[in-house]
Structures are given as structure tokens and as C-alpha cells.
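A.B. asks: Keeping their order, the protein sequence lines are chains U, V, G and A. For what it's worth, our numbering labels the leading residue of the first sequence as 1, then goes sequentially. For what it's worth, our numbering labels the leading residue of the second sequence as 1001, then goes sequentially. For what it's worth, our numbering labels the leading residue of the third sequence as 2001, then goes sequentially. For what it's worth, our numbering labels the leading residue of the fourth sequence as 3001, then goes sequentially. Every residue, glycine too, gets a C-beta built ideally from N, C-alpha and C.
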Amino acid sequence: MSGSGKKHTIVLAALRNTPLILFVLLFVCFGILTPDFFRYQSIENAVKQASYIGIVATGMAFVLLTGGIDLSVGSNMYLSTVAAGLCIQRFGLPGWAAFTVCIGVGIVFAATNALIITRLRVIPFIATLATMVAGRGLGRMLLQSRAISYPEAITSIGSARLWGVPYPIVLFAAILAAAWIMLHRTQWGRQIYAVGYNMEAARKAGINTVRISATAYVLCGAFASLGGFVSVAQLGNVNTGFGRGSEFDAIAAAVLGGISLFGGIGSIFPGVLLGAVMIQLVSTGLVSARVDLYLHSMISATIIFAAVAIDSRRTILLEKLQQRRIQIE
Amino acid sequence: MILSGELIHFGNITKEFFGIRALAGITLSMPSGQIVGLVGENGAGKSTLMNVLGGVFAPDAGSMIWQGRPYSPEGPADATREGIAFIHQELNLFGNLSIADNLFIDGFPRVRRLGVLKRGTANRLARQRLEAVALECPVNTPVENLTPGEQQLVEIARALGRNARLIILDEPTSSLTQNERERLFGLMNELRKGGCTLVFISHNLDEVLRMSDRIVVMRDGCVVSTGEKREYTVERMITDMVGRQINNLYPEKTSRASEEVLLRVEGLSRSGTVDDVSFVLHRGEILGLFGLMGSGRTELARILFGLDSFSAGNLEAIGRPLGGHKPAKSISRGLAFVTENRRDEGLLMEGTIESNVALAALRRRAFSRWSVWIRGGAIRERTLRTAGELRLHAADLRRQPARNLSGGNQQKAVIAKWLLTEPKILILDEPTRGIDIGAKYEIYTIMNNLAAEGAGILFISSELEELAATCDRILVMSNGRIHGEFSRGAFDEKAILEAAFEGLRIGGTKR
Amino acid sequence: MKKFRSILISALLISAIIFTCQCTRRPGEKQTVICFAFQDLETEYWVAAHKAITETLRSRGIMVLERNGHQDANRQLEQVRDAIAQDVDGIIIIPQDGESALTIIGEANRAGTPIAVFNRPPANRSRPALVVVADNEKIAEETVRYMVLAASKLERKMKPLILVGDLGDQNAIARRQGFYNVIGERPEIFEKPIEVPTKWDPATTLANLEAAMQINRGVDFIFTSSDFLYPQIRAVLEPLGKWKPIGDKDHVILGGLDGDSTAYMLMEQGFVDATGVQDLFFEAHAIMDALLKAIQDGQKTPEEWIEDPGFAITQENMQEKREDMWGYRVMAGLAEAKK
Amino acid sequence: MSHLRKRITTACGWLLADHFILVLTVVFFLVMWRIYPSMGGARNLANISSNMWPLLTLVIGQMFVLLVGGIDLSQTSIMAVTSVTGSMIMTLRLDPARFQDNPLWGVVLSESGGLLAGHVLAVPTAVILMLTIGACIGLINGLAVARLRMPPFMVTLVTMSFFSGFAIYLTRSENIMHLPESFIVIGRGGLGPVPYAMMIAFLTAVAAWTILNRMVLGRWIYAVGINRKTAVVSGVPCAGVIVAAYVFSGLCATSAAILYSARLEAGRPTLGQHLLLDVIGAAVIGGISLFGGKGKVRWAVYGVAFFVVLDNSLNKMPLNFYAVDIIKGAVILMAAVLDVLRNLLSQRSPARAGA
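Okay, here's the thing in C-alpha cells:
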């Protein structure tokens, strides 16, 4: 019995941290394709570009852990950055004031999500699909076919550095740390995992499941608007397509990082960090390897498919192992 | 400070579900520092009353007095705050979290201002609580790796942690091994000495008699009788519960095993669960398979039916070999499998009763042309007939969802599902678990009739009394191996139990 | 009782919504109605075009039904068909691409509603419509030819890079083709061009351009398929110390297409060498006048192809050409049309 | 008096149970007709009908996947790939300037059009090829969900981005024109008053209804959707059923592609990119549950009717473009809230519990 036991523990350990193994695999094969891929500069670039998706994916992870989903992060990013841009243009607000407006609008948008999902009891997929469409329309109404570009003060943050490390990475690291502490070191975080694992048991255990899910959605919205602000700080302007498709990137990053769509399983660090950087790595790696433009989306889709396939093999194996030990119904 | 008077008093509590009166005016009081045995058939209202007490439901009428003060909880959180802990049959634990997290999930020791939890103090308190329930496990093991017994102790530890004055145990022993039961009973006695009141709900009447100080018997939503332990015996409890004299719990055994072999199993094994199992099932025979939790009975059944594969040995059903097969093939060869858990693997709760009953037999020529086009009429007629035979009471078979049926009727629906496949070999895994005495009697009768008509029945159970009364032969299984075979007339309860424990003592390894 | 009340609430909810639509009824009877179905407002060019067309039409007392096709040809076809069913007097479309333009023109011809196509020509001339078109390939060639001229002065091997637009958009493909035609003529100066996908999305542009620049340090010749990406080019070149005005040894020869206000500002500051300009206001006014004339004359299927030559505005001809550049006029807040 | 009230509540019960969305659509259409007379015009009704049939086939296909508890985001990319491959076979003329650097130039595509350009069997073979490709992509989705046990949301999300990229790669983002007249007539023509599109949609609906109500596969689909474990124990070939659902969804997506391509008279690599919202929105408004096990063909028809009438009326109003998005989001939300209300009511009265 112990012989096969050892074999299983190795396989289990390997499957437990698939995100890390995949990350290393990708990193090596892209490195071989383009020799100077390994320089510190290109790694720093990959993480910098992945930071805005990473921040949004961290917010998305909260919602996925409670077993829900949030398709409206893209529109949230768009609406909050447009609102902040308008405040700068019209009222000449300084940088940090625009930042607070951006986060404020993000939280209000997310609060409507939370209200619809917890109070009106509409299922998350549909509620956030509706707010995605409505939010994008609202943003366009504010925009009124005016171009929004951010002033120097903010765009300089995008490329500025703090102790030699670009601002976006610093912010991303701070967000990851905050999220990790909230999830592992606060009661609210433990209750997020509990609600995600079994909502009914959580309710019976006396957890205020409504408040927990609501705060998860609000945080997801706040992080989405923060991610939006970081992205605009790098880009310099907001056009009508800003944020479209970010919801799928964020979900892909979280799932690549090992967070299960069914709730209760997965970690922020190193999970979401690896997931976000992996997605960015694939697209920039393909460009630097001068691969034909038309093949890019097909290759990145295949890599994500492989990652998710490995992850689901892991759940099947865990299930089989679990089955043998516990015999109750 | 233990209040010598009443701990909890129910005044005329009534509760109605979908027009059925679950609680019809209950007036009852429980003193502190005692174990109260609460017994009654399924649907008698035991769980509903406890759910009202535990704040899961609000009563339609009536009032409760807790420690002298009026008490009406909105939700489970209020009940917990008042010191009432409810330990459900399906435990309320979070597999993905550690033991310490589960213990403090709704009340972590925290740094006042920041709300950040003090991990150190949490682990220390958790260790203390585990010692109180004599569970030696590292505090950060995820709960999904614990055995059911250990999980139950964690649940009790959590209740104690909130200095619970009243602990409700709903069917606590149904999934425990024998020594885990002894450990639980010891803990219950200690809690009682410490002044706690325990409500012990169980179908195992011997255990209730052994442990409780007072007994409360409920039937059809009201309290039929209550009193000290010494006024009660198992027979009286049954009479009160069922309300009519059951001279015998088990119907007269009519069928006799013939020589013809229906199922032959030789050297069947699968790593880690079943090891070199061999037996034979004859036509018309009811073969009992006794074993405690964790002995591999359910795994054996799943392998026979094709749900799991097996690494060695061979299988023969009605003369033809069977191997590497899927449930669909087993059904076509005449096997049927009533699973242990009817809610998860037995029924489509949201589906209608008729769609449930017809589900397994759709491919048969009687119910579909070339197993593609459904014969609606034939299905409707046969479902009506079988439901009548099994005395399955339902308002409207065609539109009523299965979730609206009582426990006993749900089990009959599952059996009806398998009867439609005209099975020759029936595997029944704990068919009478969690249903009332009346429904049990009817299920034993059905088994007898099927055996009489020439089917072979493999009856898996952890209640020896039930097997002794209905089976021709009993195989005893433990630790994945068959340790003994006893035929009718030579049933010696002590020897069977010893065989059941043998695997555990020698094996000793806790898988 | 609770059930009955909730049914009442939902009934009220529906009637409230229907009532709000009530107040958007059509005002006076005899007012010409034109449906303006555009593809999306992805870049500053389209935003300016949308503004020019809607405001001038409304200033002439014409009711405009705006329809955003969200880059979906099928949705645009449905919108135009619904407009035709509403007996609009005329249709102006900015089609998703040449092929769907042809189908939509077919619909308008069958219904006898005059139709005008702005900026993206139908695939062929088989169906009658008013069309104003700029030849993206020719304008791109003209711009890149000037850039090549500037490059040949440096007498060294150039490492060109092109920011390619969304692969599903014909204009982007035409501009890419124009770029390759000119670069192909001078293989002795130019190494193999590096292609960077943008999908018309600034975030993708930034990420991919930064990666490409990391790998190919010596890139000194960049053509962008649209001027709205200049902020991203600056965000990448500045940290590498390559964001230098013309004349500086590290100057990267920059060129693009569209001719929006950012392009003009950067040309003034000497960062951008040349940019191809589609004369937006000329195109907008030409198409509107043609359509209104066709409506007055009651023509059912007018046919006219108006050619917008467009031009490349370069460092040399900047002074005299800037009046024609719509980006400059928007920035300087001048009256939209020259005349 | 109580007799009257009782009759009203039962009427509401009946209304709210199954036909609510149909009633809502009819009421909405009548009100709109009063405001905008052109709504009821023959041409507008033709528009509504021509928009409805392709969307209906898509929603019916999506319903099969929703019934087994999954979701199919890749329907739009199946439409793109099949529309492109079908056109490549059928097209009569190709402009070499745009197609030389196409990977299939000389192999499948040439100066004189596609492989079977002008051949009498060109259209039928092309349609068959399209259906097979649609079925194959459905098969890939089904096997990944059933065999590899991957979450349906991720599987179809990835196949969506893969195959839409593939469609653009095949054509180097060029649309394929000059389709034979016999193909284009499918989108516009009809037998007398009944347009071909309506016939195709009607056939799909009848096929779906027969499978779900008259065939063993239908019972199995409901079983897998409601509780997969019980289905496995009851001998239901769950993997096979799930794969069948995804293959059926692929076939429906292909028939929608045929209708849309015929209507647009071209094979488009970016066909139906933004249709996903309409398909999911219509399915939910119809009352099809996203958790599996609950859905009827009738509900799909009502959901699509509501959505198409809504779109059509929004196109009538002189709203500025952003208002349309806001209203559409609000209406989807309102429909979802009413759906929650409807479930609450049907839960409360046990007799009315749906299948």
C-alpha cells in the first residue's frame, strides 16, 4: 500500500502547483525561441504589462472563491476611468482626487452588482452580464463622443519608478499582499472560502452569507477600477473599446492560477500572480519570437486549454484519492 | 451557574409545510444537565422541532422559553449566541479549511482594531478544544482528510467552544465505527456531568435507551409520550412511535434459496478497497453483507455494478462473464443497485416521479422502440401499476417532483425505478437507512416477494438485527476482505460482530 | 395576498417602461429623417466624423436616427432594414467593410431609399450608391515614401517596424499593403519589417510594442496604421531614450495615417516626420450635400463616387497643408469646413 | 367575491407559469405599434421574422447545452468557421489581389472561385461540409467537458478564441463574396409566403421538441442536467449525452451561420462576434435555467420573440446610440428579476410545479 502511496504523493504534489510548473515551462520554451528573453528587463516588462490584469484578476478571485462570477469588470474599468478623466478635464482635479473618483465610481458600480445579486437574488452570470452592457452604455453617454486623455501628472506615474521598480508592479505587489492578508489573516477571508465551499452550511454556521458575497463583489469592482486606472496611467488615453474583453482575461488568469470556477478552492499568491503573468508572457513571447500575426490567438488559446485540462485532471485524481479514504455516503 | 429548573420550554409550537402540519401544537420542557432521547418515525417532526429550536425555521405559532426568558431566533446565529448548538446528520464543516478555521469560522480571536486574526491564539485555543473531545490531530489539517468520526468530534468541539448549554445531535452514530461510537457516548456522559443538556435523535433505539435519562416519543407532529428511561423498553417505544401494535418488525420469511447460481464472484480485488473477495449468490436467496463503516461494502457493490473498475478476479452474472463493464451493461444483464444515498445517487429530486421511475429502464423494448423512441403510454401504465404494488402514495405521479415525497416514499420510488428493469440480481445498499419503521416493514416485504419470484438479493447493512431477520446467509466483511460466513439457523450475533471487528484489530491501520 | 401584490408590482414596472418610450414620439409630421448607421467610435477619427455629420444634419433641421453597429455587420444590416421599414428619407452608413456595404446598398436600392457610404467603399461598383472614399493604400504609400526619403539621408541600414491594425478591418489591411509596397522597393535600405499586432486596442499595442522593442533594440523606423496610437508609441520610446525630435541622432523616423490633432501636435514638436491625412470635413460635407440633393430631386438610387485624394502632410509641406488637415482644424477650433 | 379573486389568482398562476414572456412580448408589440405605426407594417414584420429565425436556431442549440448543465460560448466562432469554409467551396469568383498570400490559394481557392465553383452540387456539398465542421467543433467541446471534466465555461471560451482566430487565419481577414444565387436565396427567398429561413428554424424546433419529449435521449438530457450522479447510477451514458448536446449545439450554430451568411451574401470570418449576449439573454428571458434540467423548446421561442421585438422597437426610437445599450441591459435584468419572482410563485404552490 505504501509503495503506490509514495507515487501518489509525488503526482499529487506536482498537480497541486500546476500553475508554477506551467509558468516555468512557458518561460523556458519562450526563452529558447528568443535568446535575450531571459534578461531582467524583459521579465520586468512582462510583469509590468501583466499588472493591470493581475489587479483585476485578484478582485475576480474573491468573487470566484464565493462560487460567483463577475462579467462586468471590463465595463467597470471603462466607466470609472471615463468618469475620472471627465473630472480632470472639466473640474481640473489633481491626480489623487481623480484616483479617488475612479475608485468611488468602481465601488458604486460594484455595489449595484452586489445589490442585484444578494437582494434581488438574480444569478451572478446574468446580473453581471446585464450591468456589463448597461455600464458600457453609461460610459459612452458620459463620453458623448469626446476624446478623454489623461494629463502628464498621471501618465508619468505609468512609467515612473519607485526604488527602481516601475509603479504598476509596486501597486500590483501591494494589492496581492493586501488580498493575501485579507483572505488568510482575516475572518472575512476565511468566511469567503466557507461560503464558496458550501453556501448552505455557511448559513447554518451563522455566517452572514449575504454580507460576505456583497463585500466580495464590491471589492472586485474596486480592484477592477484600480486596475483600470493603472492601465490608463500607462496608456495615456481612454477610447470606447477600453476594458472590453478584460473580464475574460481576468477569469483566464485566475483559473490558470488554480482558482476553481466552482468556488472554495485556489489561492491569490502565487496563483493569480502566475496566471496573470503567464497570459502576458504568452502574447509578448509570441511577438518577440516573430510568430505570424494570424497564429497568435490560436496559440494562446491552445496554451490556456492545456493549462485548464491539466488542472481538471488534478481535480479528478484528488477525487479518486479522496474516495478511497472516506467511506460515508 | 446551572439552573436546576427548566432549560427550555416549548409552548404549543405549530409549523406547516405545503399544507402538511409538520408540528401540531407541541408543548414540552427539558431540564438542564440531562440527555433527552428524542425518537419518532420519519416525518414525525423531530428534525423540524429541532430546526425551530436551532433558528433554522421560524414557527407559525407558539412560543419558546429559554432559561426563563422568551426566545425567538431569526437565524442560526441567534440560536448559537444563546448557547444552542445543532449538529446535523450531514456535518456542517468546510472541507477546504483547516480544523482551527472550522472551529472559529464565525468568531475568530482578533486584534481589536484591525480585525486581523491572531493566528497564534486561534491555534492554541483550537488545541485546547480538541483535547476536550480527545481528538489528537494537528490543528491545521484540512477537514476533508479526517474520517467521519473525527469530523463529528470537530463539530462537537465547535459547539463546546461557544459554551453551548444545549447540544442537539441528529443521527450522530449513523456513520461511526463501533469504537468511535463508544468514544462519542463517553464524551456525552462527560458533557452531561458538566451541566450540558443533550438532545439525542436516533433510529437506533437500543443506543437511545442506553444513553438517555428521559425519552420523548413523537408521532405525526405531536408528542405521544414522555418519561424517565426506566419506564421505557424498545417494544413500548416502537408501539408509541407507530401507534399500532407491530407484533413483529420483520415479515415472515417465505422464500427459500435454490441451488441455481445467479452471481459468482472469484478473487475480486481493487487496490486499497477490496481484497480477494469471493462469494456466490443463488436464485431466490437473500444474501446479507454485514460490515462496519469503512469495511469496503459500498466499494464492492460499486465494483459489481460497474461504477468502479477492479484490478483482479472475475465476475459471472447468470452464467455469462462480466468485466470492465459500465452500469448500462449491468442493467441489461439484470443487475440493479439501490444506492446508499437516495438524495445524491438515487433520485432526480427536481424531476417528476414518473420520469424518475422510468429512468433506468428506458432502453428496454417495453418502454422504447429500438431504445430510441419512448412509448409514453407503456411507461405511464407500468409506473402506475408498480407504484400501486409498492403502495407509493403520491398526489400526481406525472407532475409532482420527487422532492415533495416523504423519506419512505422516496426509497420506494428508487426501488420502483429498479423494478421496471426486471432485475434478476438486486444489490441493496442500506435500503432502510433513515426511514421509519412502517416503511422498513414494507421494504422487507418487497424483498421477500422479489426473492420468492426468483431474484437474488445482496442486502448490505450495518444493522445486524435486520440482516438476521431477513437473510438466508450473512457474509461479514471488514477491511476489504470477507472474514466469515454464517448461514440461517447458525446466526450468532457475538461471532458475527467479532468477525466484523477482526479486520480492524489485526489491520489496525487507520486508512 | 403577498403573491397578488407582487404580480401588481411587476405589471406597474412594465407599464412604466412603456410609458417612458411614449414620450419619445416623433415631433412634427413633415421633417426629413436620415438614418446614420456607423460602425463604432473606436478612434478619434470616427468620433470627429460622427460629430461632424450629426451636428451639421441637425443644424439643417433634419432628424437623425443614430445607430451604433458595434463592429457587427449583421447588426448593421438589421438596423438599416428597420430604418427602411420606417420609411426614412435617406441613409448614411459607415460600413464594417466593403462586402457588407454591398449587401446593405442592395437592401436600400430594393426599397428605393437613397443611400450614401462614408469612408469605406463597397467591394465593387455593381450597385448604385453615393460613395466618398479615400484610398488608404495610396495615402499610406505617399506617407511612407516621404519617410523613406528621410531615411535614405541617414545612409545606414534601417530596421523598420509596422503597427498593424485589427486584422478584420480592410482599411488596416490596405494601409499595411501600402507600407509593404514602398518598403519592398528599397530592400537595400530596409531589413525585414517587424509586425506588431494592435487589434486597434491601446493596451495590446503598448504590451506588444514594448516586447518587440526589447528584442530588436535597433528599430529606428516606425509606421503606425493609425495616429490614435501615438501616446502608446511615446510611452514605449521615452524610457528607451528614443523619443527624440528630428535632427537628434537617436530620432526614430515616425509616420502614421488619419491626421488627427495628436499627430499634428507631435509634428509641430518635431517628433513625427509625416502622416497621411484623409480630408474628413471635405468627405463629410461632400457626402451630405450629395444625399440631400438626391432626396430633393426624389432620386431613388443615386450613384456617384466622390474621390477624396487625401495627402501626406510632411515636415516640409506642413505650413501650407495644415489648413486641409482636419486634426489641425479641430485643435485650432476653426470652422469645420474651409469654404 | 372570493370566487372572483380565486379565478384571478389561478389565471395569474397560469400566466406566470409558462406563457408569461409570450404575453409580455405581445403586449409590448401592441403598445409599440400604437406609438410607431410602422411597427405593424408588412416590411417591418418581414424584418422581425428574418431576424428571428437564425437567432432561434442558435438559442435552441444553446438550450441543449444549458439543459445538461453546461454553457456554449463557442457558437459564434463555429458560425465564423463554417461560414468561411462553406463560402470557400461555393464562391464563383475571387479577386486574386486580395487572396494570393492566402494559405489555401491554388489548393482550394483559385482565380475562378472555390473548389466546386459553378458545379450544380456546389451548394449542397458546401452545406454538408459546414454541418460536419460544426458537428466536429461541438464534438471537441463535448469530449473536453465530458471526458476531461473541464469546466464548460473555460472550454467553450477557449474554443471560441481559437476558432475565431482560425477563421481569420483561413481567409487572412478577407470576406468571401460572389456566392451562388441558389445559396443566397435561402436568406431572402421562400416558398410562397413561408421564407426558407422560417422552414429551417421550424425544422430545428420540431427536431428539438421530438428529441426532448419523444426520445430516450431527451429523458437522458434532463436526467444529466438535474443530477449527474443519479444519471450515472441509472445507466445513463452521461459522457455520450453531453457530447450529443454539444454536437447538436454545433449543428444549430452552423444552420444559423448558413442563414446569416446567405442574408449577408458573403462568408465572413467575423460573423456573429457580438451575438453571444443576444443568445444568452434570450435563453434566460425564456426561462431556461443556467443550472441545467429546466427548459422547453416553447420557452426558447418566447425568449427569442421577446428579444427580437425589443431590438426591433429600439431601432425605431430616435434614441442616441448609448441609450440602446442601457435599455437592453435594464431589460435583461428586469426579465431575470421576473424569472426569480416566477420561480418563487411556482415554489409556493406545489400543484403547479413544472417538469
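Between the Cα of residue 257 of chain U and the Cα atoms of U:10, U:13, U:19, which residue gives the shortest distance?
C.D. replies: What you label residue 257 of chain U is simply residue 257 of the first sequence in a count that begins at 1. Answer by Cα proximity: U:19.
A.B. asks: What are the boundary residues of the beta strand (DSSP E) that residue 121 of chain U is part of?
C.D. replies: Numbered from 1 along the first sequence, position 121 holds the residue referred to as residue 121 of chain U. Run containing residue 121 of chain U: none; DSSP gives neither H nor E here.
A.B. asks: Would you verify that the beta carbon of residue 368 of chain U is, or is not, closer than 7 angstroms to some beta carbon of chain V?
C.D. replies: Shown here, chain U extends from 1 to 329; a query on residue 368 of chain U therefore has no answer.
A.B. asks: Spell out the partners DSSP gives residue 1369 of chain V in its beta bridges.
C.D. replies: For the purposes of this step, residue 1369 of chain V is identified with residue 369 of the second sequence, where counting begins at 1. Beta-bridge pairing links residue 1369 of chain V to V:1373.
A.B. asks: State the start and end residues of the unbroken alpha helix (DSSP H) segment that holds residue 223 of chain U.
C.D. replies: As a first step, residue 223 of chain U must be located in the first sequence, where it is residue number 223. Element bounds for residue 223 of chain U: 209-235.
A.B. asks: Per DSSP, what kind of secondary structure is residue 1341 of chain V in: helix, strand or coil?
C.D. replies: Sequence index remark: in the second sequence, residue 1341 of chain V carries index 341 (1-based). Note: residue 1341 of chain V maps to coil in three-state DSSP.
A.B. asks: So is residue 1089 of chain V buried or exposed if we call it buried at 16+ other beta carbons inside 10 Å?
C.D. replies: Translated into the one-based positions of the second sequence, residue 1089 of chain V becomes position 89. So residue 1089 of chain V ends up on the exposed side.
A.B. asks: Does the Cβ of residue 162 of chain U have 16 or more other Cβ atoms within 10 Å, making it buried, or fewer, making it exposed?
C.D. replies: In the first sequence, counting from the first residue as 1, residue 162 of chain U sits at position 162. Flag for residue 162 of chain U reads exposed.
A.B. asks: Got a sec? Which residues, its chain only, sit under 8 angstroms from residue 66 of chain U by beta carbon, not counting five neighbours each side?
C.D. replies: As a first step, residue 66 of chain U must be located in the first sequence, where it is residue number 66. Within the same chain, residue 66 of chain U has close Cβ partners 192, 195, 196, 212, 213, 216, 263.
A.B. asks: Could you tell me the alpha carbon to alpha carbon distance between residue 2071 of chain G and residue 96 of chain U, rounded to whole angstroms?
C.D. replies: For this step, residue 2071 of chain G is matched to residue 71 along the third sequence. For this step, residue 96 of chain U is matched to residue 96 along the first sequence. Straight-line measurement puts the Cα of residue 96 of chain U at about 35 angstroms from the Cα of residue 2071 of chain G.
A.B. asks: Whole-angstrom Cβ separation of residue 1411 of chain V and residue 1342 of chain V, contact assumed at under 8 angstroms?
C.D. replies: On the second sequence, position 411 is the one that residue 1411 of chain V refers to. On the second sequence, position 342 is the one that residue 1342 of chain V refers to. Contact annotation, residue 1411 of chain V with residue 1342 of chain V: C-beta distance approximately 6 angstroms; criterion of less than 8 angstroms satisfied.
A.B. asks: Are the Cβ atoms of residue 60 of chain U and residue 254 of chain U separated by less than 7 angstroms?
C.D. replies: Position 60 of the first sequence, counted from the start, is the residue given in the question as residue 60 of chain U. Position 254 of the first sequence, counted from the start, is the residue given in the question as residue 254 of chain U. Taking the C-beta atoms as reference points, residue 254 of chain U is found nearer than 7 angstroms to residue 60 of chain U.
A.B. asks: Measuring CA to CA, which of A:3190, A:3194, A:3124, A:3208 is closest to residue 3295 of chain A?
C.D. replies: Against the fourth sequence, residue 3295 of chain A aligns to sequence position 295. For residue 3295 of chain A, the closest alpha carbon among the candidates A:3190, A:3194, A:3124, A:3208 is that of A:3208.
A.B. asks: Using a Cβ-Cβ cutoff of 9 angstroms, what residues of the segment 1083-1115 of chain V are near chain U? List them in chain order.
C.D. replies: 1086, 1088, 1090, 1091, 1092, 1093, 1094, 1095, 1096, 1097, 1101, 1102, 1104, 1105, 1106, 1107, 1108, 1110, 1114, 1115
A.B. asks: Which residues does DSSP list as the beta-bridge partners of residue 46 of chain U?
C.D. replies: The residue labelled residue 46 of chain U in the question sits at position 46 within the first sequence. Beta-bridge pairing links residue 46 of chain U to no other residue.
A.B. asks: Residue 1009 of chain V and residue 1032 of chain V: beta carbons closer than 7 angstroms?
C.D. replies: Numbered from 1 along the second sequence, position 9 holds the residue referred to as residue 1009 of chain V. Numbered from 1 along the second sequence, position 32 holds the residue referred to as residue 1032 of chain V. It is not a contact, given that the beta carbons lie outside the stated cut-off.
A.B. asks: Listed in chain order, which residues of the segment 1062-1079 of chain V have Cβ atoms closer than 9 angstroms to some Cβ of chain U?
C.D. replies: 1075, 1076, 1077, 1078, 1079
A.B. asks: Do residue 2109 of chain G and residue 2301 of chain G count as a contact pair if the criterion is CB distance below 7 angstroms?
C.D. replies: Position 301 of the third sequence, counted from the start, is the residue given in the question as residue 2301 of chain G. Position 109 of the third sequence, counted from the start, is the residue given in the question as residue 2109 of chain G. It is a contact, given that the beta carbons lie within the stated cut-off.
A.B. asks: Near residue 3078 of chain A, what residues of its chain come up, given a Cβ to Cβ distance below 6 angstroms and the 5 sequence neighbours on each side ignored?
C.D. replies: Here residue 3078 of chain A refers to the residue found at position 78 of the fourth sequence. Result list for residue 3078 of chain A: 3134, 3137, 3250, 3253, in chain order.
A.B. asks: Within the chosen definition, does the segment 2188-2202 of chain G reach the segment 2239-2249 of chain G through at least 3 CB pairs nearer than 8 angstroms?
C.D. replies: Counting C-beta pairs closer than 8 angstroms gives fewer than three between the segment 2188-2202 of chain G and the segment 2239-2249 of chain G, which falls short of the contact rule.
A.B. asks: Fully enclosed by the segment 1401-1443 of chain V, which alpha helix (DSSP H) runs are 4 residues long or longer?
C.D. replies: DSSP runs (the alpha helix (DSSP H)) wholly in the segment 1401-1443 of chain V: 1407-1419.
A.B. asks: Where does residue 1165 of chain V land, buried or exposed, given buried means 16+ other C-beta within 10 angstroms?
C.D. replies: As a position in the second sequence, residue 1165 of chain V is number 165, starting the count at 1. Buried, because 16 or more other Cβ atoms sit within 10 Å of the Cβ of residue 1165 of chain V.
A.B. asks: Taking the C-alpha atoms as reference points, what is the distance between residue 3051 of chain A and residue 1338 of chain V?
C.D. replies: In the fourth sequence, residue 3051 of chain A corresponds to position 51, counting from 1. In the second sequence, residue 1338 of chain V corresponds to position 338, counting from 1. The alpha-carbon atoms of residue 3051 of chain A and residue 1338 of chain V are separated by roughly 50 angstroms.
A.B. asks: Examine chain A for any beta-carbon lying closer than 7 angstroms to the beta-carbon of residue 1345 of chain V, and answer yes or no.
C.D. replies: Position 345 of the second sequence, counted from the start, is the residue given in the question as residue 1345 of chain V. For residue 1345 of chain V, the answer is yes, since a Cβ of chain A falls inside 7 angstroms of its Cβ.
A.B. asks: Would you say residue 1456 of chain V and residue 1285 of chain V are within 7 angstroms of each other, going by their C-beta atoms?
C.D. replies: Position 456 of the second sequence, counting from 1, holds the residue named residue 1456 of chain V. Position 285 of the second sequence, counting from 1, holds the residue named residue 1285 of chain V. Yes, these two residues count as a Cβ contact at 7 angstroms.
A.B. asks: Need the endpoints of the alpha helix (DSSP H) that residue 3302 of chain A sits in, please.
C.D. replies: Stepping through the fourth sequence from its first residue, residue 3302 of chain A is reached at position 302. Looking at the DSSP string, the run of the alpha helix (DSSP H) that includes residue 3302 of chain A is 3297-3316.
A.B. asks: Spell out whether any CB of chain V is found under 7 angstroms from the CB atom of residue 266 of chain U.
C.D. replies: On the first sequence, position 266 is the one that residue 266 of chain U refers to. No, no contact with chain V.
A.B. asks: Going by other Cβ atoms of all chains shown within 10 Å of its Cβ, with 16 needed for buried, is residue 1405 of chain V buried or exposed?
C.D. replies: For the purposes of this step, residue 1405 of chain V is identified with residue 405 of the second sequence, where counting begins at 1. When all chains shown are included, residue 1405 of chain V counts as buried.
A.B. asks: For residue 2358 of chain G, does the count of other Cβ atoms within 10 angstroms reach 16, so buried, or fall short, so exposed?
C.D. replies: Residue 2358 of chain G falls outside the range modelled here, since chain G spans only 2001 to 2339, and no answer is possible.
A.B. asks: Look at the Cβ atom of residue 3340 of chain A, then the Cβ atom of residue 121 of chain U, and state whether they are nearer than 7 angstroms.
C.D. replies: Position 340 of the fourth sequence, counted from the first residue, corresponds to residue 3340 of chain A. Position 121 of the first sequence, counted from the first residue, corresponds to residue 121 of chain U. A contact, by the Cβ cut-off of 7 angstroms.
A.B. asks: Note down, in chain order, every chain V residue with its Cβ under 8 angstroms from the Cβ of residue 185 of chain U.
C.D. replies: Counting from 1 along the first sequence, the entry for residue 185 of chain U is found at position 185. Near residue 185 of chain U (Cβ distances below 8 angstroms), the residues of chain V are 1116, 1117, 1119.
A.B. asks: Expressed to the nearest angstrom, what Euclidean distance is found between the alpha-carbon atoms of residue 2330 of chain G and residue 141 of chain U?
C.D. replies: On the third sequence, position 330 is the one that residue 2330 of chain G refers to. On the first sequence, position 141 is the one that residue 141 of chain U refers to. If I take the Cα positions, the gap works out to 21 angstroms.
A.B. asks: Do we get a CB-CB distance below 7 angstroms when we pair residue 34 of chain U with the residues of chain G?
C.D. replies: For the purposes of this step, residue 34 of chain U is taken as residue 34 along the first sequence, with counting starting at 1. Yes - at least one Cβ of chain G is within 7 angstroms of the one on residue 34 of chain U.
A.B. asks: DSSP three-state call for residue 2035 of chain G: helix, strand or coil?
C.D. replies: Locating residue 2035 of chain G in the third sequence gives position 35, where the first residue counts as 1. Strand at residue 2035 of chain G.
A.B. asks: Measure from the alpha carbon of residue 2176 of chain G to the alpha carbon of each residue in G:2131, G:2141, G:2312, then state which is nearest.
C.D. replies: For this step, residue 2176 of chain G is matched to residue 176 along the third sequence. Here the closest residue by C-alpha is G:2141.
A.B. asks: Return the Cβ separation of residue 1267 of chain V and residue 1194 of chain V in integer angstroms, given the expectation that the two are a contact with Cβ distance under 8 angstroms.
C.D. replies: One-based indexing of the second sequence puts residue 1267 of chain V at position 267. One-based indexing of the second sequence puts residue 1194 of chain V at position 194. So it is not a contact: roughly 52 angstroms between Cβ atoms.
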